[in-house]
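Step one of this worksheet: look at the structure below.
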Amino acid sequence: MLCSYCEELTIEKLIELYKRFAADILYSMKCFPDEFYTHRTSFQSLSESAGDGCEICQAFMDAITSDRRCMAEIVRRVGNGMDTTVKIHIELNNKDSETPLQVFDRLLVKIGWDEDCISNFGSLPENRIVRLSLTRPQTSKLDPSKLDELRVGEPFKGYGLNSPQLHGLSRQWLITCITKHPDEYCPPFQAYPLPTRLVDIGSVDGIECPKLILSTGECGLYTALSHCWGGETPLRTTMASIEQYCLGLPINIIPKTFLDAMTITRELGFRYLWIDSLCIIQDSKLDWEQESAVMDDVYRNATVTIAAAASQDSKAGIFDAQEEKPKYYAPLKLNLGCLPIDCVYITSFTGDETIEDAISDKLPAMAGTARALHNITGDVYMAGIWRGDWARGVLWITRSRPQMVQTRAPSWSWARWDGGLSFQMIDLQTIDDEFSAQLTHYHIDVRGKNPFGEVASGSLHLKAWAKTTKVKRMKKLGYLYLDEYGDKSNHVDMETAIESMTQTKFTAVLIGRFQGYSSENGTPKEYVISGMLILKPIHSHGSASFERVGMVFHVGAIHVHGDLDMTGWTLQELTII
């Protein structure tokens, strides 16, 4: 059964709305489009429709209620009498691909409309957005969802570890990768030196108890798990437990994500698995420093890396469903020319949300990756950013619920903050002109011997165009974001704080201008965004020393901010700590 709103919800309408949205020059920077399908007028109406038996409304409700952050925000909005309109948008999965085929396989559902929807930058969904997957039944006699350069939905192959089809597909992909992919795209299939420690998952029949083993430099094949620790520390190896774990891991307390990774490893035909919390001695600073520094080798040399991308912690498991049947199985009409047919189904999708979670040892955890990039590029690493791309590296914004860890990194480094982050200039081209800030020199103090590891302090010394003004006037420069309040440029708490700082002055520093292109009616259109840091003075470090407190984005388009007025700006030398 479908309600009248869901009867009118068609792929054709959603794709037409997507095409309008894609023409927006700010397309890649908005978390939700201005063009969308208006569904129910309120969350209560959606809930009532689901209760009356509408399958698609029930799918939306289940996805929303399973997201604790989304539900908390909806409860707040309902309690305050705020808008809870239901809006739908279809998402292009491969928008960055160079192939002409467009793959639409996800729906975005957002609850509530307000002004921050049109000024909120960022590529990650914010609190009131959930995602659902679009799949096609394998029993379809036709393939109407693939027409010329358009494909809607992916074939449904079952769920999780109970799906022989998924295991078979994974093995098929691995064989294809090994036998057909050229070495310039995939490393050659060969045995590499094993990591210091590995989990031996036992024989193929699964009878043997998994245990920790120590390698002696021999070569072999293994898989590696990439996962989110979440709020609670997962099962971990310590100085006190390592001897016992070499005899056997406590099977009754191994978290589900680890067990799932062992099952996948076994199904792919491997015996050894690397898991960071088990293969690094967690209470040994020396072992952590040594092992994290070579983590890039561990992942690069693994034959397969298993990414638990949808798991919020080690207890959640790698797949979010145990049954063979999907939790939601609601038909969505596909109306394309002469082929109106119910062939696309909605199922749950929880990926990308856990990107907000972060571990406390950010820089040491990334030391191996940083070292690998340094070996490739020769660039200088500076507390999470690169000397050759420092301007884009400092132009980040915090997202929802940011938490500062002041002693972990300098104020200009993203590593100071826990929570989601977004690098707004990452896809834009740097414009090198007279307005570009110059990094005259820098200084980084590291703790320990690893130059890519933990940082004690750091400073950037700039020669840049700057202007000191009252905080309230900063909003006239463009979209203003204060690090403490996350990515809501119209956040009520931030607005209240700004109103209270009537006489407070900050310094805006123009870091650079960045160029991007959008398509309007099929015609490429150029746009320019100016990125600025908002700094507050640190008098204890000298008159020209500052600390980052936020950012401003100025979009140089007539219908957004227009040309940047440089009246009152002067070329200055500053130090950011």
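Numbers 2 to 578, taken from this note's numbering, label the letters of the sequence shown in order. C-beta: ideal position from N, C-alpha, C; glycine also.
- For Tyr300, the uninterrupted alpha helix (DSSP H) run begins and ends at 296–302, by DSSP.
- Where Gly459 is concerned, there is no enclosing alpha helix (DSSP H), although the beta strand (DSSP E) around it starts and stops at 456–471.
- The Cβ atoms of Ala410 and Val456 sit closer than 7 Å to each other.
- Note on Ile12: 16 or more other CB atoms within 10 angstroms of its CB, so buried under the neighbour-count rule.
- For Leu572, the uninterrupted beta strand (DSSP E) run begins and ends at 571–577, by DSSP.
- Comparing alpha-carbon positions, the option among Pro211, Arg70, Arg393, Phe37 lying closest to Ser531 turns out to be Arg393.
- When the Cα atoms are used, Thr441 and Asn302 turn out to be separated by approximately 38 Å.
- Lys468 sits buried, since 16 or more C-beta atoms from the chains shown fall within 10 Å of its C-beta.
- Annotated three-state conformation of Pro365 is helix, per DSSP.
- Residue burial annotation: Thr576 is buried, with at least 16 other C-beta atoms found within 10 angstroms of its C-beta.
- Following the DSSP letters along the chain, one finds Leu215 inside the beta strand (DSSP E) bounded by residues 212–215.
- Your pair Pro196 and Ser216 checks out as a contact, with CB atoms roughly 7 Å apart and the cut at 8 Å.
- With respect to Pro256, Lys316 sits close: the two C-beta atoms are nearer than 7 Å.
- Looking at the backbone, the Cα of Gly459 and that of Leu534 are separated by about 17 Å.
- In its chain, beyond the 5 residues on either side, Cys4, Cys7, Leu47, Ser50, Ala51 have a beta carbon closer than 7 Å to the beta carbon of Cys58.
- The beta carbon of Leu429 lies closer than 7 Å to those of Phe515, Gln516, Gly517, Ile530 in the same chain, with the five residues before and after it left out.
- Inclusion of Ile202 and Thr306 in the CB contact set at 7 Å is not warranted, their separation being larger than that value.
- The residue among Gln173, Asp484, Val510 with its C-alpha nearest the C-alpha of Leu269 is Gln173.
- Contact annotation: Phe271 and Leu222 have beta-carbon atoms nearer than 7 Å.
- For Phe453, no beta strand (DSSP E) segment is defined, and its DSSP state is neither H nor E.
- For Asp201, the uninterrupted beta strand (DSSP E) run begins and ends at 198–201, by DSSP.
- Counting only the Cα atoms, Val110 lies some 14 Å from Leu18.
- Asp566 carries a coil assignment under DSSP once its states are collapsed to helix, strand and coil.
- Counting only runs of at least 3 residues, the stretch 499–535 fully encloses the following beta strand (DSSP E) elements, listed from N- to C-terminal order: 506–521.
- Here the alpha carbon of Leu374 sits roughly 12 Å from the alpha carbon of Arg388.
- Secondary structure note for Ile398: its beta strand (DSSP E) is the uninterrupted segment 397–399.
- The Cβ atoms of Phe259 and Arg372 lie no closer than 7 Å to each other.
- Here the C-alpha atom of Gly318 lies approximately 22 Å from the C-alpha atom of Met72.
- Assignment of Lys476 by DSSP, reduced to helix, strand and coil, places it in the helix class.
- DSSP, read as helix, strand or coil, puts Lys111 in strand.
- Taken atom to atom, the span from the alpha-carbon of Trp275 to that of Pro188 is near 19 Å.
- Every unbroken stretch of the alpha helix (DSSP H) spanning 4 or more residues and falling wholly within the stretch 229–306 is given here in chain order: 243–248, 257–268, 277–280, 286–294, 296–302.
- The beta carbon of Met62 lies closer than 8 Å to those of Leu47, Ser48, Ala51 in the same chain, with the five residues before and after it left out.
- Straight-line spacing of the CA atoms in Tyr300 and Ala225 works out to 6 Å.
- Under the DSSP assignment, Glu548 falls in the beta strand (DSSP E) whose first and last residues are 546–556.
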